[in-house]
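Engineer:
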Amino acid sequence: MTSHETDEIGYPLDPELRALEFHLGDLAAKYRMHKYSAQKVIKEYHATLTKLYQLGWDAALDVESELPDELMPEEYLKRNSSSAE
Numbered sequence: 032m033t034s035h036e037t038d039e040i041g042y043p044l045d046p047e048l049r050a051l052e053f054h055l056g057d058l059a060a061k062y063r064m065h066k067y068s069a070q071k072v073i074k075e076y077h078a079t080l081t082k083l084y085q086l087g088w089d090a091a092l093d094v095e096s097e098l099p100d101e102l103m104p105e106e107y108l109k110r111n112s113s114s115a116e
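First residue of the sequence shown? That's 32 in this note's numbering, and the numbers climb one at a time after it.
1. Which residues in the same chain as Ile40 place their Cβ atom closer than 8 Å to its Cβ, once the five residues preceding and following it in sequence are excluded?
2. Taking all protein chains shown into account, do 16 or more other C-beta atoms lie within 10 angstroms of the C-beta of Leu44, making it buried, or fewer, making it exposed?
3. Evaluate contact between the stretch 46-58 and the stretch 72-89, counting only Cβ atoms and requiring at least three cross-stretch pairs below 8 Å.
4. Could you pull the DSSP bridge partners for Pro43 from this structure?
5. For Val72, count neighbouring C-beta atoms within 10 Å of its own C-beta (all shown protein chains included) and say buried if the count is 16 or more, exposed if not.
6. Could you give the DSSP three-state label for Ala50: helix, strand or coil?
7. For Tyr62, count neighbouring C-beta atoms within 10 Å of its own C-beta (all shown protein chains included) and say buried if the count is 16 or more, exposed if not.
8. Can you tell me whether Tyr67 is buried or exposed? The criterion is at least 16 other CB atoms within 10 Å of its CB, across all chains shown.
Printed below as a string of structure tokens:
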């Protein structure tokens, strides 16, 4: 369940939330392709997820938009316990 309005396939209607959610997917893909710059990508990923939470976003991401569980922010794992299993 989300705390914001979504379209019929689950993406946020709010353009800023939608853009940030898509940005997380791009960062996750970048991490998988360029592990040599992983720390920079992980830091930006965490900052983007924090911004989403500050804007009221509260949803689960597609697995393709997640980093490996050990690199996901603790807050995300707490909110989405099924992702941590």
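Note that the Cβ used here is the ideal one computed from N, Cα and C, for glycine as well.
Structural biologist: Reading off the structure:
1. Within the sequence shown, residue 40 is the residue found at index 9, counting from 1. Around Ile40: no qualifying Cβ.
2. The count along the sequence shown starts at 1 and reaches residue 44 at position 13. By the neighbour-count rule (16 or more Cβ atoms within 10 Å), Leu44 is not buried but exposed.
3. yes
4. Residue numbering aside, residue 43 sits at position 12 when the sequence shown is read from its first letter. Under DSSP, the beta-bridge partners assigned to Pro43 are Thr37.
5. Counted from its first residue, the sequence shown places residue 72 at position 41. Classification for Val72: buried.
6. Walking along the sequence shown from the start, residue 50 turns up at place 19. Helix at Ala50.
7. Position 31 of the sequence shown holds residue 62. Answer is buried; the Cβ neighbour count reaches 16.
8. For this step, residue 67 is matched to residue 36 along the sequence shown. With fewer than 16 other Cβ atoms inside 10 Å of its own Cβ, Tyr67 counts as exposed.
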